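Colleague:
2 protein chains.
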Amino acid sequence: MKLTSKGRYAVMALADLANFNSVHPVSLRDISLRQGISLDFLEQIFSKLKKNNIVKSIRGTNGGYILNKDPVQIKLANILNAVDEEVKTVQCKKESKKGCNSKTSKCITHNLWDELEIHINYFFEKKNLKDLINNTSESRN
Amino acid sequence: MKLTSKGRYAVMALADLANFNSVHPVSLRDISLRQGISLDFLEQIFSKLKKNNIVKSIRGTNGGYILNKDPVQIKLANILNAVDEEVKTVQCKKESKKGCNSKTSKCITHNLWDELEIHINYFFEKKNLKDLINNTSESRN
DNA sequence: TACAAACCTGACTAAATTAGTCAAGTATAG
DNA sequence: CTATACTTGACTAATTTAGTCAGGTTTGTA
Numbered sequence: 795m796k797l798t799s800k801g802r803y804a805v806m807a808l809a810d811l812a813n814f815n816s817v818h819p820v821s822l823r824d825i826s827l828r829q830g831i832s833l834d835f836l837e838q839i840f841s842k843l844k845k846n847n848i849v850k851s852i853r854g855t856n857g858g859y860i861l862n863k864d865p866v867q868i869k870l871a872n873i874l875n876a877v878d879e880e881v882k883t884v885q886c887k888k889e890s891k892k893g894c895n896s897k898t899s900k901c902i903t904h905n906l907w908d909e910l911e912i913h914i915n916y917f918f919e920k921k922n923l924k925d926l927i928n929n930t931s932e933s934r935n
Numbered sequence: 795m796k797l798t799s800k801g802r803y804a805v806m807a808l809a810d811l812a813n814f815n816s817v818h819p820v821s822l823r824d825i826s827l828r829q830g831i832s833l834d835f836l837e838q839i840f841s842k843l844k845k846n847n848i849v850k851s852i853r854g855t856n857g858g859y860i861l862n863k864d865p866v867q868i869k870l871a872n873i874l875n876a877v878d879e880e881v882k883t884v885q886c887k888k889e890s891k892k893g894c895n896s897k898t899s900k901c902i903t904h905n906l907w908d909e910l911e912i913h914i915n916y917f918f919e920k921k922n923l924k925d926l927i928n929n930t931s932e933s934r935n
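First to last, the protein sequences are chains A and B.
Residue numbers for the first sequence follow our numbering, beginning at 795 and rising by one.
Residue numbers for the second sequence follow our numbering, beginning at 795 and rising by one.
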C-alpha cells in the first residue's frame with residue numbers, strides 16, 4: 795500500500811489553496827512558506843494536479859493557482875489519484891504474479907486485501923476538500 | 795502508511811496455519827512451499843509472532859508451529875502489530891516534528907489522517923483469522 | 001520593451017526501506 | 001546420535017521516497 799508524503803502534501807496544499815481561493819490566485823511560493831513544503835516538490839505535485847483538472851494555473855506576475863471546481867466537488871480520491879498515490883493493497887492483481895492465481899490455494903488472503911482496498915477507498919470517496927477546510931478552521935485553538 | 799509484504803505474508807501464513815491446525819504442528823517448510831514465501835523470511839516473521847503469543851512452537855522432528863488461540867480470537871490487528879506493521883498515516887504525531895504543531899495553521903490535514911487511521915484500524919479490529927479461512931474455503935472454484 | 005515573478009519540465013540523487021539471504025547456531029523426537 | 005526443525009542476528013541488493021538542481025517558458029506590469 796502506498797500513501798506517502800506526496801499524497802499528503804497534495805492534500806495539504808489544496809486545503810491551503812481552498813482557504814485562500816476567493817480573491818487572487820495563490821502562488822506556490824506562498825503555499826510553500828505556509829505549509830513548509832519544498833517549492834520544487836510543490837511544482838511537481840501541482841503539475842499533476844493541473845493535468846488532472848483539479849487546479850488551473852495563471853501565469854505571470856501575481857499569478858498562481860486556483861481551484862478548478864468547487865471544493866465540495868473535489869474528492870480526496872481525485873487528489874490522490876492525480877498524484878499517483880494508488881491505494882493498492884495487493885500486487886498480485888495486475889498480471890498474475892507468482893503466488894496468486896486462484897486455481898491453487900495460494901493467495902489465500904486475496905479477498906481480504908480487496909475488501910481493505912474498498913474500505914479505504916470508500917473513505918477517500920466520501921471526503922472532499924470542503925470537509926477539510928471546515929474541519930480545520932473549527933478545530934483551531 | 796505502511797502495509798508491506800511482511801504483514802501480508804504474516805497473515806497468509808497464519809491463514810495457512812489455521813487451515814492445517816487441527817492435527818500436527820505445521821512446519822515453516824510446508825507453509826513456505828504452499829504459499830511461496832521464502833523460508834528464511836518466514837522464520838523472521840514467526841519469531842515475532844511467537845514473541846507476541848500468537849503461535850507456539852514445537853521443536854524437534856515433526857515439530858512446527860500451532861496457533862496459540864482459537865482463530866476467532868486472533869484479530870488481524872494483533873497480527874500486524876506483532877510483525878511491526880504500524881498503520882500510521884501521519885509522522886507528525888510522535889514528537890512534534892517540523893510542520894505540525896497545532897499553534898500555527900500548519901498540518902491542516904492532521905485530523906484527516908487521524909480519521910483515516912481510525913477507519914483502517916477499525917477494519918483490522920473487526921477481522922479475525924476465522925473470517926479468513928471461512929472466506930477462502932468458500933470462494934474456491 | 002524589459003524584467004521579474006511565476007509556472008514548467010526532466011534529470012538526478014542521498015537516504016531510507018524492503019524483502020529478503022546467509023551463516024551459525026540450539027533443541028529434541030525417534 | 002542425528003536429522004529435523006526452530007532460533008538469532010548480521011548483512012545486502014534493489015527499490016522507493018522525497019526531494020534537489022538546472023534550465024527553461026510565459027506573461028503582467030512598469
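Each residue gets a CB set at the ideal place from its N, CA and C atoms; glycine is no exception.
Predicted model, so just to flag it, every value in this text is computed and none were measured.
If we ignore side chains and look at the alpha-carbon of each, how far apart do Ile873 of chain B and Ile927 of chain A end up?
Modeller: Each residue's Cα considered, the two are about 36 Å apart.
Colleague: Looking only at its own chain, which residues have a Cβ that is under 7 Å from the Cβ of Gln829 of chain B, when we skip the five neighbours before and after it?
Modeller: Closer than 7 Å at Cβ, skipping near neighbours: Met806, Ala807, Asp810.
Colleague: Assuming Cys832 of chain A is part of the alpha helix (DSSP H), what are its boundary residues?
Modeller: The sequence as given places Ser at residue 832 of chain A; Cys does not occur at that position. Counting along the chain, Ser832 of chain A falls outside any alpha helix (DSSP H), and DSSP gives it neither H nor E.
Colleague: Under 8 Å: do the stretch 917-925 of chain B and the stretch 854-872 of chain B share three or more Cβ pairs, one atom per stretch?
Modeller: Taking 8 Å as the limit for Cβ pairs, the verdict is that the stretch 854-872 of chain B does touch the stretch 917-925 of chain B.
Colleague: Does the structure place the stretch 900-916 of chain B close enough to the stretch 849-867 of chain B that three or more beta carbon pairs sit under 8 Å?
Modeller: No: fewer than three Cβ pairs fall under 8 Å.
Colleague: Scan the stretch 833-864 of chain B and note each continuous alpha helix (DSSP H) run of 4 residues or more that stays entirely inside, going in chain order.
Modeller: If we require 4 residues or more, the alpha helix (DSSP H) runs fully inside the stretch 833-864 of chain B come out as 833-845.
Colleague: Quick check on the burial criterion: 16 or more other C-beta atoms within 10 angstroms. Buried or exposed for Ile912 of chain B?
Modeller: Classification of Ile912 of chain B: exposed, given that the 10 Å Cβ count is below 16.
Colleague: Measure from the alpha carbon of Lys844 of chain B to the alpha carbon of each residue in B:Leu797, B:Leu833, B:Thr855, B:Ile860, then state which is nearest.
Modeller: The option with the nearest alpha carbon to Lys844 of chain B is B:Ile860.
Colleague: Does Leu910 of chain A have its Cβ less than 7 Å from a Cβ in chain B?
Modeller: Output row for Leu910 of chain A: interface = yes.
Colleague: For Thr903 of chain B, count the other beta carbons within 10 Å of its own beta carbon; 16 or more makes it buried, fewer makes it exposed. Which is it?
Modeller: Classification of Thr903 of chain B: buried, given that the 10 Å Cβ count is 16 or more.
Colleague: Please confirm whether Val805 of chain A has its beta-carbon closer than 7 Å to some beta-carbon of chain B.
Modeller: At least one chain B Cβ lies under 7 Å of Val805 of chain A.
Colleague: Can you have a look at Leu827 of chain A and say buried or exposed, based on whether 16 or more other CB atoms are within 10 angstroms of its CB?
Modeller: With fewer than 16 other Cβ atoms within 10 Å, it is exposed.
Colleague: Can you check which of these residues, B:Leu836, B:Arg823, B:Ala812, is closest to Tyr803 of chain B by C-alpha distance?
Modeller: The candidate whose alpha carbon is nearest that of Tyr803 of chain B is B:Leu836.
Colleague: Would you say Ile873 of chain B lies against chain A (beta-carbon separation less than 7 Å)?
Modeller: By this cut-off, Ile873 of chain B is not an interface position.
Colleague: According to DSSP, which residues form a beta bridge with Val820 of chain A?
Modeller: DSSP output for Val820 of chain A lists A:Tyr859 as bridge partner(s).
Colleague: Quick check: what's the CA-CA separation for Ala812 of chain A versus Asn862 of chain A?
Modeller: Whole-angstrom Cα-Cα distance: 10 Å.
Colleague: How big is the Cα-Cα spacing for Gly801 of chain B and Ile831 of chain B?
Modeller: Distance between the alpha carbons of Gly801 of chain B and Ile831 of chain B is about 12 Å.
Colleague: Pull the bridge partners of Asn922 of chain A from the DSSP assignment, please.
Modeller: Answer is A:Lys869.
Colleague: For the alpha helix (DSSP H) holding Leu811 of chain B, just list the boundary residues, first then last.
Modeller: Its alpha helix (DSSP H) spans residues 799-813.
Colleague: Going along chain B in order, which residues have a C-beta closer than 8 Å to the C-beta of Asp864 of chain A?
Modeller: None at all; the shortest Cβ gap to chain B is about 18 Å.
Colleague: Taking the straight line between their C-alpha atoms, what separation do you get for Arg853 of chain B and Phe918 of chain B?
Modeller: C-alpha separation (whole angstroms): 31 Å.
Colleague: For Asp864 of chain A, which residues of its own chain have a beta-carbon under 8 Å away from its beta-carbon, when the five flanking residues on both sides are left out?
Modeller: Contacts found: Lys924.
Colleague: Quick one: Cα of Asn875 of chain B to Cα of Gly857 of chain B, how far?
Modeller: For Asn875 of chain B and Gly857 of chain B, the distance between alpha carbons rounds to 26 Å.
Colleague: Once the 5 residues before and after Ser799 of chain A are set aside, which same chain residues still bring their CB inside 7 Å of it?
Modeller: Here the set comprises nothing.
Colleague: Excluding five sequence neighbours on each side, which residues of the same chain lie with their C-beta closer than 8 Å to the C-beta of Phe840 of chain A?
Modeller: Result list for Phe840 of chain A: Ala807, Leu822, Val849, Ser851, Tyr859, in chain order.
Colleague: Determine whether the Cβ of Ala812 of chain B lies closer than 7 Å to any Cβ atom of chain A.
Modeller: Judged by the 7 Å Cβ criterion, Ala812 of chain B is not in contact with chain A.
Colleague: From the DSSP output, in three-state form, read off Ile927 of chain B for me.
Modeller: Residue state, collapsed to three classes: helix.
Colleague: Using a cut-off of 7 Å between C-beta atoms, extract the partners of Phe917 of chain B located in chain A.
Modeller: Residues of chain A passing the Cβ test: Leu910, His913.
Colleague: Indicate the three-state DSSP secondary structure (helix, strand or coil) for Ile912 of chain B in the structure shown.
Modeller: Note: Ile912 of chain B maps to helix in three-state DSSP.
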